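In our numbering, the protein residues as written are -12 to 413.
So, in structure tokens, the structure goes:
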């Protein structure tokens, strides 16, 4: 509490003041006032101002500001905020105390807590302002009290708070989190598997429908192609069902006939085509060097020769990963994806040989205007350039309504034994 009091002295009976000229309303040095502290009393804080001085009559007028021996400050104010470490920081503020009081933190059991930080300052009027903080965790007592206890006799001031439910929600425990993640992953994998399976079945059904529509539109017949063992180059190994051929590393002892390829690693099918439209599928794999297509019956077999139409061969070749059509100038083929299965289609009526991807029937290349003799037979042709290369003839996929009356030519059968066939080869 503040009050103003005027003190008058005549001469130097009470307070010996300096004889110098006083400044109007200027504050005296504290020593000038505390020199007569016994006369002023203990509550005068040394803040006295000289209001008027009459040196001639040795009269001066002092204005001194008085504070009471003790001042009770404000009630504690609690401020709550989330701490960086995930706890709750509670700050207690109280101002206007004299003399300096004591600030205490207690819980619901009356236990004293150590503050995390504590500050104090004094104003120009000599009063003390206090600030103190504590950090509570989720396991702490939820009831917290801030008490300001004065040094001089007087009532203490206290403010309490409960922090129940104020903590931020913590993330799930690791075990629960891992379980949830595992379940979510399993559902994702199951969904992906079912989706891929459905898409694959849908694509297969679409391809089968396209294949049937394509075959009906082209009036094609599936040919049952098997390999002629007596035409195979001695390094070539045929499977028992004569649907697969592999380039071996050992020369086999086989009968030497005019039908057998003696210089090129090649083999022909056992049956040929003279009319109609035919197709068969060949699995070429993902590596190796090979060629496949059709060849005339009169193709050279006893010596070396180049594979191109003028030599009686219309074929597609893969040499060291490069696909090309065996035209005179070798036509390179730029394919986005190298197929592992190809379809060979022969149109005996229009003298053309076409190649497609066997699965989606994407067109690869077509030889048109092929120069085989009218009515002359052409044989499925296979060549394997590198050791380990394998070609396999896939089983034909017939249509139930597939009909294409053609005449199949077999060089071992007399002319008067030819019979029209509705499907395949003998």
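For each residue, glycine too, the CB sits at the ideal point set by N, CA and C.
As the structure is a prediction and not an experimental result, all values here were calculated from the model.
Cut-off 8 angstroms between Cβ atoms - residues of its own chain near residue i, not counting five sequence neighbours on either side
| i | result |
| --- | --- |
| residue 58 | -12, 83, 84, 85 and 114 |
| residue 322 | 310 and 351 |
| residue 252 | 220, 222, 223, 234, 370, 371 and 372 |
| residue 353 | 339, 340, 341 and 342 |
| residue 241 | 219, 221 and 247 |
| residue 335 | 260, 261, 262, 263, 264, 265, 365 and 393 |
| residue 99 | 91, 92 and 93 |
| residue 315 | 295, 296 and 297 |
| residue 243 | 249 |
| residue 68 | 75, 76 and 78 |
6 angstroms Cβ shell around residue i - same chain, five flanking residues per side excluded
| i | result |
| --- | --- |
| residue 265 | 208, 210 and 333 |
| residue 326 | 344 |
| residue 164 | none |
| residue 105 | 119 |
| residue 236 | 374 |
| residue 317 | 311 |
| residue 398 | Because the pLDDT at residue 398 is just 48, under 50, the model does not fix this residue reliably, and the value given afterwards should be weighed accordingly. The answer is none, since no qualifying residue turns up. |
| residue 239 | 221 |
Cβ distance (whole Å) where residue i is taken to contact residue j below 8 angstroms
| i | j | result |
| --- | --- | --- |
| residue 283 | residue 365 | 6 angstroms |
| residue 281 | residue 340 | 6 angstroms |
| residue 377 | residue 308 | Not quite, the Cβ-Cβ distance comes to about 16 angstroms (not below 8 angstroms), so this is no contact. |
| residue 256 | residue 214 | 6 angstroms |
| residue 372 | residue 338 | At roughly 27 angstroms, the Cβ-Cβ gap does not stay under 8 angstroms, so residue 372 and residue 338 are not in contact. |
| residue 274 | residue 331 | In fact, because the Cβ distance is near 20 angstroms, the residues do not count as touching under 8 angstroms. |
| residue 88 | residue 137 | 5 angstroms |
| residue 95 | residue 130 | 4 angstroms |
| residue 230 | residue 380 | 4 angstroms |
Secondary structure of residue i, DSSP reduced to three states
| i | result |
| --- | --- |
| residue 67 | strand |
| residue 371 | strand |
| residue 41 | Only weak support exists for where residue 41 lies, its pLDDT of 48 falling under 50; the coordinates are left without a value. |
| residue 338 | coil |
| residue 423 | Given a span of -12 to 413 for the chain in the structure shown, any question on residue 423 remains unanswerable. |
| residue 58 | strand |
| residue 343 | strand |
| residue 82 | strand |
| residue 107 | strand |
| residue 175 | helix |
| residue 228 | coil |
| residue 169 | helix |
| residue 125 | coil |
| residue 207 | coil |
| residue 98 | coil |
| residue 181 | helix |
| residue 330 | strand |
| residue 348 | coil |
| residue 244 | coil |
| residue 214 | strand |
| residue 294 | coil |
| residue 288 | coil |
| residue 76 | strand |
First through last residue of the beta strand (DSSP E) which encompasses residue i
| i | result |
| --- | --- |
| residue 306 | 300 to 306 |
| residue 280 | 277 to 283 |
| residue 90 | 89 to 94 |
| residue 130 | 130 to 136 |
| residue 377 | 377 to 380 |
| residue 222 | Unbroken run through residue 222: none, as it is neither H nor E. |
| residue 312 | 309 to 312 |
| residue 255 | 253 to 255 |
| residue 268 | 264 to 270 |
| residue 145 | 144 to 149 |
Residue i and residue j closer than 8 angstroms at C-beta
| i | j | result |
| --- | --- | --- |
| residue 254 | residue 369 | yes |
| residue 146 | residue 118 | no |
| residue 234 | residue 223 | yes |
| residue 313 | residue 304 | yes |
| residue 144 | residue 71 | no |
| residue 120 | residue 103 | yes |
| residue 65 | residue 148 | yes |
| residue 116 | residue 125 | no |
| residue 74 | residue 153 | no |
| residue 276 | residue 306 | yes |
| residue 216 | residue 250 | no |
Interface flag, residue i vs chain D, CB-CB below 8 angstroms
| i | result |
| --- | --- |
| residue 174 | Reference to chain D is not applicable here, since this structure consists of a single protein chain. |
Contact set for residue i: own chain, Cβ-Cβ below 7 angstroms, skip 5 residues either direction
| i | result |
| --- | --- |
| residue 24 | Confidence at residue 24 is low in this model, with a pLDDT of 40, below 50, so its placement is unreliable and the value that follows should be read with caution. Same-chain partners within the cutoff: there are none. |
| residue 302 | 278, 279, 280, 294, 313 and 368 |
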